[in-house]
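S.K.: Chains as they are written, first to last, in this note's numbering: chain Z, 1 to 236; chain S, 1001 to 1290.
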């Protein structure tokens, strides 16, 4: 299996606060890898660092064998990875279609109609609402839009930050089905979740983060049955 | 009455063009660029000297002013505002006020304090009769320029990729970065457009009030800022409506009430509007679902 993403010994600070303390992990081609952990464990910080929004003070990030530390934040997406951020962060005053077009900002204009078609097939709801302002969508629809927008850049690695946050259980199931389908279609997935049960059940491998450090790692199945994980994150 | 109204709309058109610069920069960079009014003054001087000293034809002089002001806007943003991108808004505000005084004093040093008599760039054109009122060529050009600029900017922000990216940046810089949008470039571009428009406003303003001094831009700058807030800061059509209403109110107040009180009335109306509509006439009041 080829390694798509390799992070070694990452240290990230917010001012003087040491948020990530030597995190190392790998994502292999075709895998679903999840980072689980409590609030403030550093999951989103790790993802935002890989996505280029934060710069680590120490450590290395390699994407497909190439270091992306010197790459300007807005050029990270052109390398072939997309981050679907926490809280969805759709552009509320742009239409659904314009949001998707922004997702394809780095792609040649000629291929956008085809990609758009594919995303609409994946999320038929978005097609129905394509001329509506994104701010008027429901939470679940906004999550679909955020994911569709990330897919518009045709990423080989898709990073999802808390896709289930604030959604009704039926929508959570739907979002996770979509994640599995995207993975089957060939997209490697790095997933950050508080819903550890759901995340572990679809993940090939998982890492457990606690206060900025990785404290446990294994296959999704192993961690689902791991006593300490069950106690801490799965309600016993 | 009609004549006053037309005067008001043409003066308001100048305010609207200036207000666009405030409103666009505020929308993207979330800062009030108080040096914007002084860019107008620089535009006035550049066009003045292009015509008088270099003897250039009017359109070329205007282009020269647009070119210099565009460059000035980019340089000011790079040197003064970009280093403060992560600073508090108060620090940026003070810097903008400082930049305003810097530009005024630099103008004082370069072009001295003596007022210059700006040439009448429309002296070869006749006024037009319309419904018993004489419409000056200046009024026609000011109103037409305002309309063209407004339509062009609306098309730019709704139809072009870079324009849509500009709207995305104004909403969420982080998310825009994730899309691959270069936020710094977008901010530079906004300053460039706003400052280029300020140059056009400078030429129109000096034509309307042909006394050019280093402080020429400050009062119209403040009034255009008022217009931008009045219309709803961040909104392009708001800048247009705010500017034109402000121009009409000012001219009517001057004609029918008192020319000394005109400015007081203009700012009084702003205060009243903001009491009842704190986000301005067309201010964003979108309720987002979460």
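Note that beta-carbon positions come from the ideal geometry of N, C-alpha and C, so glycine has one too. Since we're looking at a predicted model, the values are computed, not measured.
Could you tell me whether the Cβ atoms of residue 107 of chain Z and residue 115 of chain Z are closer together than 8 angstroms?
M.R.: Yes, the pair counts as a contact, with Cβ atoms nearer than the cut-off.
S.K.: Under 9 angstroms Cβ-Cβ, which residues of chain Z neighbour residue 1168 of chain S?
M.R.: Per Cβ cutoff of 9 angstroms: 91, 94, 98, 99, 102 and 105.
S.K.: Can you list, in chain order, the residues of its chain whose CB lies under 6 angstroms from that of residue 1080 of chain S, leaving out five sequence neighbours each side?
M.R.: Closer than 6 angstroms at Cβ, skipping near neighbours: 1095 and 1099.
S.K.: According to DSSP, which residues form a beta bridge with residue 1116 of chain S?
M.R.: According to DSSP, which records beta bridges pairwise, residue 1116 of chain S is partnered with S:1212.
S.K.: Between the Cα of residue 1001 of chain S and those of S:1254, S:1102, S:1230 and S:1212, spot the shortest distance and give me the residue it belongs to.
M.R.: Answer by Cα proximity: S:1254.
S.K.: From the DSSP output, in three-state form, read off residue 68 of chain Z for me.
M.R.: Of the three classes helix, strand and coil, the one that applies to residue 68 of chain Z here is coil, per DSSP.
S.K.: To the nearest angstrom, report how far apart residue 191 of chain Z and residue 1032 of chain S are at their CA atoms.
M.R.: Distance between the alpha carbons of residue 191 of chain Z and residue 1032 of chain S is about 40 angstroms.
S.K.: Check whether the region 1214–1228 of chain S touches the region 1056–1071 of chain S, taking contact to mean three or more Cβ pairs, one atom from each stretch, closer than 8 angstroms.
M.R.: With the cut-off at 8 angstroms, the region 1214–1228 of chain S and the region 1056–1071 of chain S do not touch.
S.K.: Give the C-beta separation of residue 1224 of chain S and residue 1029 of chain S to the nearest angstrom, bearing in mind that I take them to be a contact with Cβ-Cβ under 8 angstroms.
M.R.: Their Cβ separation, rounded to whole angstroms, is 17 angstroms, which puts residue 1224 of chain S and residue 1029 of chain S out of contact at 8 angstroms.
S.K.: At a Cβ cut of 7 angstroms, what residues of the region 15–47 of chain Z count as close to chain S, listed as they run along the chain?
M.R.: So nothing in the stretch comes that close.
S.K.: For a contact meaning CB atoms closer than 8 angstroms, what does residue 153 of chain Z contact in chain S?
M.R.: Within 8 angstroms Cβ-Cβ: 1179 and 1180.
S.K.: Tell me whether the beta-carbon of residue 1202 of chain S lies closer than 8 angstroms to the beta-carbon of residue 1227 of chain S.
M.R.: No.
S.K.: So, are the CB atoms of residue 237 of chain Z and residue 4 of chain Z less than 8 angstroms apart?
M.R.: Only positions 1 to 236 of chain Z appear in this structure, which leaves residue 237 of chain Z out of reach.
S.K.: May I have the straight-line CA-CA distance separating residue 1091 of chain S from residue 1127 of chain S, to the nearest angstrom?
M.R.: Their backbone Cα atoms lie some 48 angstroms apart in a straight line.
S.K.: Give the straight-line distance between the Cα atoms of residue 1150 of chain S and residue 1234 of chain S, rounded to the nearest whole angstrom.
M.R.: If I take the Cα positions, the gap works out to 14 angstroms.
S.K.: Helix, strand or coil: which one does DSSP assign to residue 6 of chain Z?
M.R.: Residue state, collapsed to three classes: strand.
S.K.: Looking at the structure shown, is residue 1288 of chain S part of a helix, part of a strand, or coil, going by DSSP?
M.R.: Any reading at residue 1288 of chain S must be qualified, since the residue scores a pLDDT of 44, below 50, and its modelled position is unreliable; the value itself is stated next. Residue state, collapsed to three classes: coil.
S.K.: If you draw a straight line from the alpha carbon of residue 1139 of chain S to that of residue 1009 of chain S, how long is it in whole angstroms?
M.R.: Whole-angstrom Cα-Cα distance: 8 angstroms.
S.K.: On the three-state DSSP scale, how would you describe residue 21 of chain Z?
M.R.: Three-state result, residue 21 of chain Z: strand.
S.K.: What residues from chain S crowd round residue 77 of chain Z, counting only those whose CB sits closer than 9 angstroms?
M.R.: Residues of chain S passing the Cβ test: 1177, 1178, 1179 and 1180.
S.K.: Contact criterion: CB-CB distance below 8 angstroms. Does residue 13 of chain Z meet it with respect to chain S?
M.R.: By this cut-off, residue 13 of chain Z is not an interface position.
S.K.: Within 8 angstroms of any Cβ in chain S, is that where the Cβ of residue 171 of chain Z sits?
M.R.: By this cut-off, residue 171 of chain Z is not an interface position.
S.K.: For chain Z, is any of its Cβ atoms less than 8 angstroms away from the one on residue 1148 of chain S?
M.R.: Output row for residue 1148 of chain S: interface = no.
S.K.: Below 8 angstroms CB to CB, which residues in the same chain sit around residue 1105 of chain S once its five sequence neighbours on both sides are set aside?
M.R.: So the qualifying residues of the chain are 1214.
S.K.: Could you tell me whether the region 1162–1179 of chain S touches the region 1041–1061 of chain S, using the rule of 3 or more Cβ pairs below 8 angstroms?
M.R.: No: fewer than three Cβ pairs fall under 8 angstroms.
S.K.: List the DSSP bridge partners of residue 1172 of chain S.
M.R.: For residue 1172 of chain S, which the question treats as bridged, DSSP gives no partner whatsoever.
S.K.: Step through the CB atoms of chain S and report whether any lies within less than 8 angstroms of the CB of residue 229 of chain Z.
M.R.: No, no contact with chain S.
S.K.: Distance check for residue 185 of chain Z and residue 1043 of chain S, CA to CA, integer angstroms please.
M.R.: If you take the alpha carbons of residue 1043 of chain S and residue 185 of chain Z, they lie about 57 angstroms apart.
S.K.: Please identify the residue among S:1245, S:1231 and S:1204 whose C-alpha is closest to the C-alpha of residue 1239 of chain S.
M.R.: Residue S:1231 is the option with its Cα nearest to residue 1239 of chain S.
S.K.: Using a Cβ-Cβ distance under 8 angstroms, would residue 5 of chain Z count as near chain S?
M.R.: Closer than 8 angstroms: no.
S.K.: Quick one: what's residue 62 of chain Z bridged to in DSSP?
M.R.: For residue 62 of chain Z, which the question treats as bridged, DSSP gives the partners Z:6 and Z:67.
S.K.: I need the straight-line Cα distance from residue 1004 of chain S to residue 1258 of chain S, nearest angstrom please.
M.R.: Computed Cα separation, rounded: 14 angstroms.
S.K.: Quick one: is residue 1280 of chain S near chain Z, going by C-beta distance under 8 angstroms?
M.R.: No, its Cβ sits nowhere closer than 8 angstroms to a Cβ of chain Z.
S.K.: Would you say the beta carbon of residue 1260 of chain S is closer than 7 angstroms to some non-hydrogen atom of the ligand FMN?
M.R.: Within the structure as shown, the ligand FMN is missing, as the structure has no ligands at all.
S.K.: DSSP has residue 209 of chain Z in a bridge; who is on the other side?
M.R.: In the DSSP output, where bridge partners are listed per residue, residue 209 of chain Z has Z:37 and Z:214.
S.K.: Taking Cβ positions, are residue 175 of chain Z and residue 167 of chain Z nearer each other than 8 angstroms?
M.R.: Yes, Cβ-Cβ distance for residue 175 of chain Z and residue 167 of chain Z is below 8 angstroms.
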